[in-house]
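*Asks:*
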Amino acid sequence: MVDLSRPSGPRIIAVANQKGGVGKTTTAINLAAGLAEAGCRVLVVDLDPQGNASTGLGVEDRDWTTYDLILDDAPLEAVVQESEIEGLFVVPATVDLSSADIELISNEKRSYLLHDALRQTAIDKFDLDFVLIDCPPSLNLLTVNAMVAAHSVLVPLQSEFFALEGLSQLMLTIREVRQTANPDLRIEGVVLTMYDNRNNLSRQVEKDARDNLGEMVFKTKIPRNVRVSEAPSYALPVLQYDSGSLGAMAYRHLAREVIHKNKNVAA
Numbered sequence: 001m002v003d004l005s006r007p008s009g010p011r012i013i014a015v016a017n018q019k020g021g022v023g024k025t026t027t028a029i030n031l032a033a034g035l036a037e038a039g040c041r042v043l044v045v046d047l048d049p050q051g052n053a054s055t056g057l058g059v060e061d062r063d064w065t066t067y068d069l070i071l072d073d074a075p076l077e078a079v080v081q082e083s084e085i086e087g088l089f090v091v092p093a094t095v096d097l098s099s100a101d102i103e104l105i106s107n108e109k110r111s112y113l114l115h116d117a118l119r120q121t122a123i124d125k126f127d128l129d130f131v132l133i134d135c136p137p138s139l140n141l142l143t144v145n146a147m148v149a150a151h152s153v154l155v156p157l158q159s160e161f162f163a164l165e166g167l168s169q170l171m172l173t174i175r176e177v178r179q180t181a182n183p184d185l186r187i188e189g190v191v192l193t194m195y196d197n198r199n200n201l202s203r204q205v206e207k208d209a210r211d212n213l214g215e216m217v218f219k220t221k222i223p224r225n226v227r228v229s230e231a232p233s234y235a236l237p238v239l240q241y242d243s244g245s246l247g248a249m250a251y252r253h254l255a256r257e258v259i260h261k262n263k264n265v266a267a
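Read in order, the letters of the sequence shown correspond to residues 1 to 267 in UniProt numbering.
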């Protein structure tokens, strides 16, 4: 276990981008695997009704899910599952979550349900360093729940035209959450995904991102890599599917950056 000097509990990071297809779930899965490989204990909370993070981590038993955790007050011990990877745990999701927005509207604590669920005293028994929340590809009440629960937001940014323009609404949502519910919420960082160094567009997006966002952009870039794309069909993170691939190495580097950043935060 990595000592992050935080007696108050694990660092909770929401992985969010309202655009689909930017590598959000892929980043949540593989960053979690990279953190676990580095000796951290990590919980992935699948908050996307598509349940792709659950599938990508090989979870088959979904009798208890994030729906039960948020909407039915299920205890953490019931919904947290061990994955095949040492130190990596999962709260899986199913399509049941797709109705959550409608059901949450009438709840007075609708924005705080995940926050409260992840602060059950039972979380201490898992001795976690990090919780990664894989958000749905929209700025709905589930994503707001993730941001209210989280200490920070990690944003995967696809290396494509108009990539930065899509960040504006996400940043507005983060600002609103800070003002109304979670004043300590910060940006964990922006990670460039599907990056192709041979492509002028990828290099231009990187330049624009670093010019506009500065140190907020991770040094690590996640390459466009066929092994990363193949791994979910085998229900494995790329670090287990092909440990020596460029994608696996990139996610290891990203995990080290996240650990380093959070040691600094803890200090």
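Ideal placement from N, C-alpha and C gives every residue a C-beta, glycine not left out.
Bear in mind that the values here come from a model prediction, so they are computed numbers and not experimental data.
Using a 10 Å radius around the Cβ and a threshold of 16 neighbouring Cβ atoms, would you call S245 buried or exposed?
*Replies:* Classification for S245: buried.
*Asks:* So the beta strand (DSSP E) Y195 belongs to, where does it begin and stop?
*Replies:* That run of the beta strand (DSSP E) goes 186-195.
*Asks:* Between D101 and L47, is the Cβ-Cβ spacing less than 9 Å?
*Replies:* No.
*Asks:* With H, G and I counted as helix, E and B as strand and the rest as coil, what does DSSP make of V19?
*Replies:* For the sequence presented, residue 19 should be read as Lys rather than Val. If DSSP states are grouped into helix, strand and coil, K19 belongs with coil.
*Asks:* Please return the same chain residues whose Cβ sits closer than 8 Å to the Cβ of L139, not counting the five positions on each side in sequence.
*Replies:* Only Q18, Q169, L170, T173 meet the Cβ criterion.
*Asks:* State the DSSP-derived secondary structure class of E77, mapped to helix, strand or coil.
*Replies:* Correct three-state label for E77: helix.
*Asks:* Count the other C-beta atoms from every protein chain shown that fall within 10 angstroms of the C-beta of D129, then say buried if there are 16 or more, exposed otherwise.
*Replies:* The residue in question, D129, is buried, as its Cβ has 16 or more Cβ neighbours within 10 Å.
*Asks:* Would you call I259 buried or exposed, if buried means 16 or more other Cβ atoms sit within 10 Å of its Cβ?
*Replies:* Buried: at least 16 other Cβ atoms inside 10 Å.
*Asks:* Quick one, are the C-beta atoms of A93 and R119 less than 9 Å apart?
*Replies:* In this structure, R119 does not lie closer than 9 Å to A93 by Cβ.
*Asks:* Helix, strand or coil: which one does DSSP assign to P156?
*Replies:* P156 falls in the strand class under three-state DSSP.
*Asks:* Name the DSSP bridge partner or partners of D134?
*Replies:* Answer is V15, D46.
*Asks:* Which residues bound the beta strand (DSSP E) around V217?
*Replies:* V217 -> beta strand (DSSP E) spans 217-223.
*Asks:* With respect to the alpha helix (DSSP H) encompassing Q205, which residues constitute its N-terminal and C-terminal limits?
*Replies:* Note on residue identity: the sequence assigns Val, not Gln, to residue 205. Taken as a continuous stretch (DSSP letters only), the alpha helix (DSSP H) holding V205 covers 200-213.
*Asks:* Any idea which residues DSSP pairs F89 with across the strands?
*Replies:* According to DSSP, F89 bridges with L43, E82.
*Asks:* Which of the three DSSP states, helix, strand or coil, is assigned to L245?
*Replies:* The displayed chain sequence assigns Ser, not Leu, to residue 245. Coil, per DSSP.
*Asks:* Run through DSSP, which three-state label would A267 get?
*Replies:* The predicted position of A267 is uncertain, since its pLDDT is 40 and thus under 50; no value can be drawn from it.
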